[in-house]
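A.B. asks: The structure is given below, and queries will be raised subsequently.
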Amino acid sequence: MAERNLILAFETSCDETSVAVIENGTKILSNIVATQIDSHQRFGGVVPEVASRHHIEWITRCIDQALEEASVGYSDLTAVAVTYGPGLVGSLLVGVTAAKVVAWAHQLPLIPVNHMAGHLYAARFVGAFKYPQMALLVSGGHTELVYMPREHEYKIIGETRDDAAGEAYDKIGRVLGVNYPAGKTIDEWAAQGHDTFHFPRAMEKEDNLDFSFSGLKSAFINTVHNADQRGEKLNKYDLAASFQQSVVDVLAEKTMRALTEYPVEQLILAGGVAANHGLRQRLDHDMRAYHPTVTMLQAPLKLCGDNAAMIGAAGYINYQHGDRAGWDLNAEPGLMFDRMK
């Protein structure tokens, strides 16, 4: 009978309190997520102090629910995995502290997990990974291309120099009066509009794999404000479509170029913005047209946002490779993968 490894995983990097039980890295026995969206909407974004307090209120309830739903007890667990960065320091500390308490009290190994590796491994619930591999990770805080020559080895080959893609969505959402988080609504509006404004595609043709979205954000805001000053009402669907087309064009262009420069077996699409239908459709098309021999795995829609199941999947790999943290494990809000030299 195959060995049964059960990972109790914690994710509290931003504004989702999540605890999950994952079996052998690929089977979700439970994945409890307590969202804080309602608490942050009136501020137009995540307030760190509010997020931390919510995590404290919900973490023990999420642990109890995760174990109950998975029908397991602490004695059944193999290890405890936790996000220790990147993210909001106060939020991270709640998860790290809770994970350390559980691991210490029940004499379980403590497994440190990079939040972005967690996003990447959300796609592991869809199918097996093949190496070498490339990942396009797009979220509210990060936009990066990650090359993996082999399992458990991550190298950034391209990243945003300013705003992340998801951050840009939320900022233009505020201009359009869309509640935080704005990505889903902008995506829906974009499907009903046309690229009539032709916003800039920053760094699309530059000789690197980095991204920039601050110029696009500024162009969008200036267009709307100038129209307001003239008393002109712009079509919100065309604005959304034009903005999204610019984002998708740059993401797709740089990803296709990366796949040419770094031949791989597989492309992974993950992160909160990976739920964007416009981006998914564009990558589906471009992969068939330009890299038909490379397979693509897209993280399931329900696992694109922050959740502990993805941390459990990544934690299992870390556990297999011998990663262990001591009781001095601390939050690292600026944690990053190494940049490819």
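Using our numbering, the first residue of the sequence shown is number 160, and each one after it goes up by one.
Positions of the beta carbon are idealized from the N, C-alpha and C atoms, including for glycine.
Tell me whether the beta-carbon of residue 244 lies closer than 8 Å to the beta-carbon of residue 492.
C.D. replies: Here the question's residue 244 lines up with position 85 in the sequence shown. Here the question's residue 492 lines up with position 333 in the sequence shown. A distance below 8 Å separates the beta carbons of residue 244 and residue 492.
A.B. asks: On a Cα-Cα basis, can you pick out the residue from 346, 397, 414 and 269 that is closest to residue 487?
C.D. replies: To locate residue 487, count along the sequence shown from 1; it is residue 328. Among 346, 397, 414 and 269, the Cα nearest to that of residue 487 belongs to 269.
A.B. asks: Look up residue 442 in the DSSP assignment and say whether it is helix, strand or coil.
C.D. replies: The residue labelled residue 442 in the question sits at position 283 within the sequence shown. Note: residue 442 maps to helix in three-state DSSP.
A.B. asks: Could you check where the beta strand (DSSP E) with residue 240 kicks off and where it finishes?
C.D. replies: Within the sequence shown, numbered from 1, the residue matching residue 240 stands at position 81. Taken as a continuous stretch (DSSP letters only), the beta strand (DSSP E) holding residue 240 covers 238 to 244.
A.B. asks: Cβ of residue 472 within 8 Å of Cβ of residue 328?
C.D. replies: Here residue 472 refers to the residue found at position 313 when the sequence shown is read from its first residue. Here residue 328 refers to the residue found at position 169 when the sequence shown is read from its first residue. Result no, Cβ atoms of residue 472 and residue 328 do not sit closer than 8 Å.
A.B. asks: Express the C-alpha separation of residue 294 and residue 450 in angstroms, rounding to a whole number.
C.D. replies: Here the question's residue 450 lines up with position 291 in the sequence shown. Here the question's residue 294 lines up with position 135 in the sequence shown. If I take the Cα positions, the gap works out to 14 Å.
A.B. asks: Indicate whether the contact test is met: 3 or more Cβ pairs, each with one atom in the stretch 167 to 185 and one in the stretch 238 to 254, closer than 8 Å.
C.D. replies: yes
A.B. asks: Alpha carbon to alpha carbon, how far is residue 485 from residue 180?
C.D. replies: Taking the first residue of the sequence shown as position 1, residue 485 is located at position 326. Taking the first residue of the sequence shown as position 1, residue 180 is located at position 21. Their Cα atoms are separated by approximately 21 Å.
A.B. asks: Straight-line CA distance for residue 410 to residue 304?
C.D. replies: Your numbering for residue 410 matches position 251 in the sequence shown. Your numbering for residue 304 matches position 145 in the sequence shown. Spanning the two alpha carbons is a distance of roughly 9 Å.
A.B. asks: Per DSSP, residue 455 forms a beta bridge with which residues?
C.D. replies: As a working mapping, residue 455 is identified with position 296 in the sequence shown. For residue 455, which the question treats as bridged, DSSP gives the partners 426.
A.B. asks: Using DSSP with H/G/I as helix, E/B as strand and the rest coil, what is residue 329?
C.D. replies: Walking along the sequence shown from the start, residue 329 turns up at place 170. Helix, per DSSP.
A.B. asks: If I follow the unbroken beta strand (DSSP E) through residue 189, where does it start and stop?
C.D. replies: Counting from 1 along the sequence shown, the entry for residue 189 is found at position 30. Here the beta strand (DSSP E) through residue 189 covers 186 to 194.
A.B. asks: So for residue 389, helix, strand or coil by DSSP?
C.D. replies: Stepping through the sequence shown from its first residue, residue 389 is reached at position 230. DSSP places residue 389 in helix when its eight states are reduced to three.
A.B. asks: Report the residue from 175, 480 and 458 whose alpha carbon sits nearest the alpha carbon of residue 215.
C.D. replies: Counting from 1 along the sequence shown, the entry for residue 215 is found at position 56. It is 175 whose Cα lies nearest to the Cα of residue 215.
A.B. asks: Express the C-alpha separation of residue 453 and residue 417 in angstroms, rounding to a whole number.
C.D. replies: Within the sequence shown, the letter at position 258 stands for residue 417. Within the sequence shown, the letter at position 294 stands for residue 453. Answer to the nearest angstrom: the Cα atoms are 12 Å apart.
A.B. asks: Let me make sure I understand the geometry here. Which of 313, 254 and 317 has the alpha-carbon closest to that of residue 212?
C.D. replies: As a working note, residue 212 is residue 53 in the sequence shown. The residue among 313, 254 and 317 with its C-alpha nearest the C-alpha of residue 212 is 254.
A.B. asks: Which partner residues does residue 211 have in the DSSP bridge list?
C.D. replies: Locating residue 211 in the sequence shown gives position 52, where the first residue counts as 1. In the DSSP output, where bridge partners are listed per residue, residue 211 has none listed.
A.B. asks: Can you give me the C-alpha to C-alpha distance between residue 393 and residue 405, rounded to a whole angstrom?
C.D. replies: Position 234 of the sequence shown, counted from the first residue, corresponds to residue 393. Position 246 of the sequence shown, counted from the first residue, corresponds to residue 405. Rounded to the nearest angstrom, the two C-alpha atoms are 18 Å apart.
A.B. asks: In chain order, what residues of the same chain have a beta carbon less than 7 Å from the beta carbon of residue 423, not counting five sequence neighbours either side?
C.D. replies: Numbered from its first residue, the sequence shown carries residue 423 at position 264. Cβ neighbours of residue 423 beyond the five flanking positions: 291, 292, 293 and 453.
A.B. asks: So, with DSSP's three-state summary, where would you put residue 169?
C.D. replies: Here residue 169 refers to the residue found at position 10 of the sequence shown. Residue 169 falls in the strand class under three-state DSSP.
A.B. asks: In chain order, which continuous runs of the alpha helix (DSSP H) of length 4 or greater are located wholly inside the stretch 350 to 417?
C.D. replies: 373 to 389
A.B. asks: Please classify residue 263: is it buried, with 16 or more other beta-carbons within 10 angstroms of its beta-carbon, or exposed?
C.D. replies: Position 104 of the sequence shown, counted from the start, is the residue given in the question as residue 263. Classification for residue 263: exposed.
A.B. asks: State the Cα-Cα distance for the pair residue 160 and residue 374, rounded to the nearest angstrom.
C.D. replies: Numbered from 1 along the sequence shown, position 1 holds the residue referred to as residue 160. Numbered from 1 along the sequence shown, position 215 holds the residue referred to as residue 374. Below a pLDDT of 50, predicted positions are generally treated as unreliable, and residue 160, at 48, falls in that range; no measurement from the model is reported.
A.B. asks: Going by C-alpha distance, which of 402, 229, 419 and 317 is nearest residue 498?
C.D. replies: Residue numbering aside, residue 498 sits at position 339 when the sequence shown is read from its first letter. It is 317.
A.B. asks: Hey, could you find the ends of the alpha helix (DSSP H) residue 469 is sitting in?
C.D. replies: For this step, residue 469 is matched to residue 310 along the sequence shown. Per DSSP, residue 469 belongs to the alpha helix (DSSP H) from 467 to 479.
A.B. asks: Closest to residue 324 by C-alpha separation, out of 476, 191 and 372, would be which residue?
C.D. replies: Start at 1 with the first residue of the sequence shown, and residue 324 comes out as number 165. Closest option to residue 324, Cα to Cα, is 372.
A.B. asks: Should residue 470 and residue 184 be called a contact, given that it needs their Cβ atoms to be closer than 8 Å?
C.D. replies: Translated into the one-based positions of the sequence shown, residue 470 becomes position 311. Translated into the one-based positions of the sequence shown, residue 184 becomes position 25. No. Outside cutoff.
A.B. asks: Would you identify the three-state DSSP class for residue 498, choosing helix, strand or coil?
C.D. replies: By 1-based counting over the sequence shown, the position of residue 498 is 339. It is a strand residue.
A.B. asks: How many angstroms separate the CA atom of residue 193 from the CA atom of residue 355?
C.D. replies: Here residue 193 refers to the residue found at position 34 when the sequence shown is read from its first residue. Here residue 355 refers to the residue found at position 196 when the sequence shown is read from its first residue. Using only the alpha carbons, I get a separation of about 39 Å.
A.B. asks: With a threshold of 8 Å on Cβ separation, who are the neighbours of residue 251 within its own chain once the five nearest residues in sequence on each side are excluded?
C.D. replies: To locate residue 251, count along the sequence shown from 1; it is residue 92. 171, 172, 242, 243, 244, 490, 491 and 492.
A.B. asks: Indicate whether residue 358 and residue 413 have their beta-carbon atoms separated by less than 8 Å.
C.D. replies: If you number the sequence shown from 1, residue 358 lands on position 199. If you number the sequence shown from 1, residue 413 lands on position 254. Not a contact, by the Cβ cut-off of 8 Å.
A.B. asks: Which term fits residue 403, buried or exposed, when burial requires 16 or more other beta carbons within 10 angstroms of its beta carbon?
C.D. replies: By one-based count along the sequence shown, residue 403 stands at place 244. Looking at its Cβ environment, which holds 16 or more other Cβ atoms inside 10 Å, residue 403 is buried.
A.B. asks: Here's the rule: buried if 16 or more other CB atoms are within 10 angstroms of the residue's CB, otherwise exposed. What is residue 256?
C.D. replies: Taking the first residue of the sequence shown as position 1, residue 256 is located at position 97. The residue is buried, with at least 16 neighbouring Cβ atoms inside 10 Å.
A.B. asks: With DSSP collapsed to three states, give me the class of residue 177.
C.D. replies: In the sequence shown, residue 177 corresponds to position 18, counting from 1. In the structure shown, residue 177 sits in a strand (DSSP, three-state: E or B).
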